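First up is the structure itself, then whatever we jot down about it.
Structure, rendered in structure tokens:
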């Protein structure tokens, strides 16, 4: 029987760790950690909250009931709605009856994308099983819908959170000034699209689903305000070396290519920011030559700092051309396209200068840079339709415009309810038809074949502690022993009392404590 730790029982919880204030940059320059960590290696993760609904039932069914019914198989196995899966991921029922899937730690972007795709399949299977049970009680036409999106029909928002392991020596000021402009403007190719019923565009269409629901650029709050980046200090690793960059501004993407681009481009931008911080700390002039500081002496992207990030995000969301001027903190303005071109220019130069570092010049990096360039060129020339094979918002808008054109030829137009239904169907991983037809007809690019997704469903990402967590879970579930598990610990509770700490997310080698636990489990199984 498993138990999961809460943050209050985690010895590395936020309340028990040293925090780095926004303005405290002195520790960054004095810290010796730069020499202790391999350059630019990173851990990636995605947390996705799903929306649920039921149609076709002979009476209303509350979302809370549906979500609990979905998790019955989970509770039956683990006696909890909060559990870890055999692939190292975490599955749980979040506040507001949102099923949530957090991918296992991944060292590469592609593995993170595969883990995310596995999460879709897990949710779809839970929904189909739930649907069969509900149909016996509420009628054979009962359908359970699970939406990988960020806004429900009542206007409630829920999130898709990206996690990047970041060097502790990077000050939060660098995130606020240099990363936020990138996160705001990357909506041009990472936005999932939304039929909002309002806005400047036809059909009230916006590029991103999160723009109207975020209140601040960075903050440690989670309930009072919704920030683009949450600074709550929970690295799930050595807190002297790392922080976990918790990005909240992103949409839930159906397109695997969009998810891949979202993670890969952000990783590359973070590499540049880390390199600039490292160069200033260690006085590496060669890096300084490549990563020129701005007029204020900050990092290479500080001149792109936005005057009002939340306002800029809404401006970008309502402008499919990417040309609207965004006010800069140091005066003047730049368009989203121009800001993205500047990020691309610096990143391309950086990649060229680090061709031997596999964490930067990874096998797909040139394809990432090509996609990045193509999306900016297409938008600059007004050819957003060319992006519809992998940019979610462009795909969705192309479908809407095509259906509206066909309707007009037949003497009518699609109403708001029909457009909203189309929008939701695109994101339905359980009973949706639009997205699956796009994939099967070759109109939507995919990165993961079925075999890749099946691998991610049953196996943890390679070269990370997720492998150790998965091995423990697969062994302990064949016994009747009580245990607990979280991101950094595994523990036997009864009849033994043994614990192993897994603090290094890059380490897939068992510690002595874990080996002892596995010996007990192996003996228990054989006994």
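Residue numbers (the UniProt record's numbering): 1 to 527. Note that CB positions come from ideal geometry on N, CA and C, so glycine has one too. On a predicted model such as this, the values are computed, not experimentally measured, just so you know.
Discussion item. Give me, in chain order, the residues of the same chain whose beta-carbon lies closer than 6 Å to that of residue 312; leave out the 5 immediate sequence neighbours on both sides.
Written reply: Along the chain shown, read from residue 1 onward, the residue named residue 312 stands at position 312. Same-chain partners within the cutoff: 184, 306 and 326.
Worksheet entry | Inter-residue Cα distance where the pair is residue 85 and residue 241 | Position 85 of the chain shown, counting from 1, holds the residue named residue 85. Position 241 of the chain shown, counting from 1, holds the residue named residue 241. Whole-angstrom Cα-Cα distance: 28 Å.
Fill in: 6 Å CB neighbourhood of residue 3 in its chain, flanking five on each side removed
On the chain shown, residue 3 is found 3 positions in, with the first residue counted as 1. The predicted position of residue 3 is uncertain, since its pLDDT is 47 and thus under 50; no value can be drawn from it.
Practice prompt. Specify the secondary structure class of residue 300 as computed by DSSP and reduced to three states.
Written response: The residue labelled residue 300 in the question sits at position 300 within the chain shown. Here residue 300 sits in coil by DSSP.
Practice prompt. Please say whether residue 434 and residue 399 have beta carbons closer to each other than 8 Å?
Written response: As a working note, residue 399 is residue 399 in the chain shown. As a working note, residue 434 is residue 434 in the chain shown. Taking a C-beta distance under 8 Å as the contact criterion, residue 399 and residue 434 qualify as a contact pair.
Fill in: Unbroken alpha helix (DSSP H) run spanning residue 311, endpoints
Locating residue 311 in the chain shown gives position 311, counting from the first residue. 309-317 is the span of the alpha helix (DSSP H), which, as asked, contains residue 311.
Practice prompt. With distances taken Cα to Cα, identify the nearest neighbour of residue 41 among 463, 255 and 381.
Written response: For the purposes of this step, residue 41 is taken as the residue at position 41 of the chain shown. Selected option, being the one with the closest Cα: 463.
Practice prompt. Leaving aside the five residues before and after residue 301 along the sequence, list all residues of the same chain whose C-beta is less than 6 Å from its C-beta, in chain order.
Written response: One-based indexing of the chain shown puts residue 301 at position 301. Around residue 301, the same chain offers 178 as residues with beta carbons nearer than 6 Å, after the five sequence neighbours per side are excluded.
Worksheet item: Can the beta-carbon of residue 52 be found less than 8 Å from the beta-carbon of residue 146?
Response: Counting from 1 along the chain shown, the entry for residue 52 is found at position 52. Counting from 1 along the chain shown, the entry for residue 146 is found at position 146. Yes, the pair counts as a contact, with Cβ atoms nearer than the cut-off.
Fill in: Under the three-state DSSP convention, the category residue 233 falls into
On the chain shown, residue 233 is found 233 positions in, with the first residue counted as 1. Note: residue 233 maps to coil in three-state DSSP.
Worksheet entry | Proximal residues to residue 452 (C-beta, below 8 Å), its chain only, five neighbours per side dropped | For the purposes of this step, residue 452 is taken as residue 452 along the chain shown, with counting starting at 1. These residues qualify, in order along the chain: 114 and 117.
Worksheet item: At which residues does the alpha helix (DSSP H) containing residue 353 begin and terminate?
Response: Mapped onto the chain shown, residue 353 falls at position 353. Residues 336-353.
Item to complete: With DSSP collapsed to three states, give me the class of residue 503.
Response: For the purposes of this step, residue 503 is taken as the residue at position 503 of the chain shown. Residue 503: coil per DSSP, three-state reduction.
Worksheet item: Between the beta-carbon of residue 160 and the beta-carbon of residue 252, is there less than 8 Å?
Response: For this step, residue 160 is matched to residue 160 along the chain shown. For this step, residue 252 is matched to residue 252 along the chain shown. Yes, these two residues count as a Cβ contact at 8 Å.
Worksheet item: Can you give the beta carbon distance from residue 175 to residue 225, rounded, assuming they're within the 8 Å contact cut?
Response: On the chain shown, position 175 is the one that residue 175 refers to. On the chain shown, position 225 is the one that residue 225 refers to. Not confirmed; about 17 Å, so no contact.
Worksheet item: In the DSSP assignment, what are the bridge partners of residue 218?
Response: Looking up residue 218 in the chain shown gives position 218. Answer is 229.
Worksheet item: Taking residue 256 as the reference, which of 511, 46, 507 and 343 has the closest Cα?
Response: Residue 256 sits at position 256 when you count from the first residue of the chain shown. That would be 46, whose Cα lies nearest to the Cα of residue 256.
Practice prompt. Below 8 Å on the Cβ atoms is my guess for residue 144 versus residue 430; work out the distance and round it to an integer in Å.
Written response: As a position in the chain shown, residue 144 is number 144, starting the count at 1. As a position in the chain shown, residue 430 is number 430, starting the count at 1. With a Cβ gap of about 6 Å, residue 144 and residue 430 count as contacting.
Worksheet item: For residue 88, which residues from the same chain have a beta carbon less than 6 Å from its beta carbon, with the 5 sequence-adjacent residues on both sides left out?
Response: Start at 1 with the first residue of the chain shown, and residue 88 comes out as number 88. Cβ within range, chain order: 104, 460, 466, 469 and 470.
Worksheet item: Can you tell me whether DSSP reads residue 486 as helix, strand or coil?
Response: On the chain shown, position 486 is the one that residue 486 refers to. Residue state, collapsed to three classes: coil.
Fill in: Segment contact flag, the region 373-385 with the region 314-325, C-beta cutoff 8 Å, min 3 pairs
yes
Worksheet entry | Cut-off 8 Å between Cβ atoms - residues of its own chain near residue 504, not counting five sequence neighbours on either side | Looking up residue 504 in the chain shown gives position 504. Same-chain partners within the cutoff: 237, 238 and 465.
Practice prompt. May I ask you to report which of helix, strand or coil DSSP gives residue 125?
Written response: The residue you call residue 125 lines up with position 125 of the chain shown. The answer is helix: DSSP assigns residue 125 an H, G or I state.
Item to complete: Could you please give the first and the last residue of the uninterrupted beta strand (DSSP E) stretch that includes residue 531?
Response: The structure shown does not extend to residue 531, since the chain is modelled only from 1 through 527, so no value can be given for it.
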